[in-house]
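Numbering (my numbering), first residue to last: 1473 to 1567.
And the structure:
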């Protein structure tokens, strides 16, 4: 039994990309790269699941965190309004 072969992320990406292209069967790719076919399927699945993240706009945040920020800002504004109202009352009571 030999040592476990370690693949770099670039090698994994190349194998997964070749599997996605579909020019050769998974078994042919497995023979060429000396990788088990189930491992190729696993890498292919990882690439396909994470591919949309490559095209997200990094400047924009996703909807939920943005909504949480808006809610926090509304809470802060409400708190400031209460404090301002209290200060106005306090200032008017003292001559």
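All C-beta atoms in this analysis are idealised placements derived from N, C-alpha and C, irrespective of residue type, glycine included. Computed from a predicted model, the values in this text were never measured in an experiment.
So what does DSSP say about residue 1477, is it helix, strand or coil?
DSSP places residue 1477 in coil when its eight states are reduced to three.
Do residue 1504 and residue 1498 come within 8 Å of each other at the CB atom, strictly closer than that value?
Going by beta carbons, residue 1498 and residue 1504 fall outside the 8 Å limit.
Specify, as a first and last residue, the run of the alpha helix (DSSP H) that residue 1498 falls within.
Residues 1498 to 1505.
Where does residue 1543 fall in DSSP's three states?
Reduced to three states, the DSSP call for residue 1543 is helix.
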